[in-house]
Amino acid sequence: MADTQSKTAGDDAPLTASKHSSAAVDAATDGLVEARGDALVGRAVTINRPRAELYAYFRDFANLPNFMDNIERVDVQDATRSHWVVKAPAGRTVEWDSTITDEVEGEYFVWASEPGADIANSGRIEFRDAGARGTVVTATLLYDPPGGVVGKLIAKLFQREPAIQARRDLRRFKQLMETGEVATAASTRAQFEEDHK
């Protein structure tokens with residue numbers, strides 16, 4: 001998986017590593033109707049499945065807890081609004097309402113958190129054909145880490161920081177869509193007992 005590429009002239013660095021951070025943020029957020037947040041995360045993965053299938057599964061937000069480890073639930077309120085409950089460090093949760101602000105079915109959707117969100121965020125999920133290899137799924141996310149830089153460091157220590165989550169979540173999405181399950185290193189007590197009979 002690679003970070004999405006910067007669209008700034010003469011800069012082919014991933015957005016999250018660009019030397020021209022303000023230009024990279026501007027380029028990445030051109031497609032966002034309402035850019036909410038200061039920290040930028042960009043990730044992409046190629047999945048060997050048809051674009052329409054991937055788009056339909058991802059766009060049904062009730063499916064997201066199936067591969068997004070830190071999402072407790074997403075309550076779909078209507079075609080464009082949803083309520084998110086997400087795990088945070090120290091056993092806490094954060095919540096927000098989100099609205100789809102732009103969408104082209106089968107190609108991309110753009111969202112923004114509504115005012116009053118525990119974590120202001122916005123982003124874009126894009127689906128592009130990759131020929132015989134399947135589909136490139138690109139996630140670009142802007143967010144305001146709670147507690148600023150200190151909060152971001154604490155979240156990183158607890159593996160709850162969005163840059164870490166985005167990479168892992170896209171990897172799990174790829175596994176789920178290509179194999180029908182998400183691989184895990186954890187074994188249940190029943191599996192352990194079965195293996196040691």
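Just so we're aligned, residue 1 is where the sequence shown starts under the UniProt record's numbering, counting upward by one.
Note that CB positions come from ideal geometry on N, CA and C, so glycine has one too.
*Output yes or no for whether 8 Å exceeds the beta carbon distance between Val86 and Ile71.*
Their beta carbons are under 8 Å apart, which means Val86 touches Ile71 by this criterion.
_What does the alpha-carbon distance come out to for the pair Leu141 and Arg168?_
In a straight line, the C-alpha of Leu141 is about 14 Å away from that of Arg168.
*If I'm right that Thr46 touches Gly106 with Cβ under 8 Å, what's the distance once you round it to whole angstroms?*
Between Gly106 and Thr46 the Cβ distance is about 17 Å, and since that is not below 8 Å, they are no contact.
_Beta-carbon within less than 6 Å of residue 205's beta-carbon, same chain only, minus the 5 sequence neighbours each way: which residues are those?_
Coverage of the chain is limited to positions 1 through 197, which leaves residue 205 absent and any answer about it impossible.
*Assigned secondary structure, Glu181 (DSSP; H/G/I helix, E/B strand, else coil)*: If DSSP states are grouped into helix, strand and coil, Glu181 belongs with coil.
_For a quick check, are the C-beta atoms of Val104 and Ala44 less than 8 Å apart?_
Their beta carbons are not under 8 Å apart, which means Val104 does not touch Ala44 by this criterion.
*Run through DSSP, which three-state label would Gly131 get?*
Reduced to three states, the DSSP call for Gly131 is helix.
*From Thr101 to Tyr108, what distance separates their C-alpha atoms?*
Their backbone Cα atoms lie some 11 Å apart in a straight line.
*With DSSP as the reference, label Asp78 as helix, strand or coil.*
DSSP places Asp78 in coil when its eight states are reduced to three.
*Return the CA-CA distance between Gly180 and Ala132, expressed in angstroms with no decimal places.*
Going by the C-alpha atoms only, they are around 20 Å apart.
*C-beta contact flag for Arg81 and Asp69 at 8 Å*: The beta carbons of Arg81 and Asp69 sit no closer together than 8 Å.
*Can you give the beta carbon distance from Arg73 to Pro65, rounded, assuming they're within the 8 Å contact cut?*
That belief holds up - the Cβ atoms of Arg73 and Pro65 are roughly 6 Å apart, short of 8 Å.
_Segment limits, beta strand (DSSP E) that includes Glu95_ = Residues Thr93 to Val104.
*What residue range is occupied by the uninterrupted beta strand (DSSP E) comprising Phe109?*
In the DSSP assignment, Phe109 falls within the beta strand (DSSP E) that extends over Tyr108 to Ser113.
_Candidates Arg92, Ala166 and Ala52, of which the one nearest Arg124 by Cα_ = Arg124 has its Cα closest to that of Ala166, out of Arg92, Ala166 and Ala52.
*I think Ala62 touches Val76, with their Cβ atoms under 8 Å apart; what is that distance to the nearest whole Å?*
So it is a contact: roughly 6 Å between Cβ atoms.
*Check Arg171 in the structure and name its three-state DSSP category.*
Helix at Arg171.
*Which term fits His52, buried or exposed, when burial requires 16 or more other beta carbons within 10 angstroms of its beta carbon?*
The question names His, yet the displayed sequence has Ala at residue 52. A residue is called buried when at least 16 other Cβ atoms come within 10 angstroms of its Cβ; Ala52 does not meet this threshold and is exposed.
*Closest by C-alpha distance to His83, when choosing among Tyr57, Pro50, Asp118 and Ala56*: Cα-wise, what sits closest to His83 is Asp118.
*Mapping DSSP to helix, strand and coil, what is Asn48?*
Reduced to three states, the DSSP call for Asn48 is coil.
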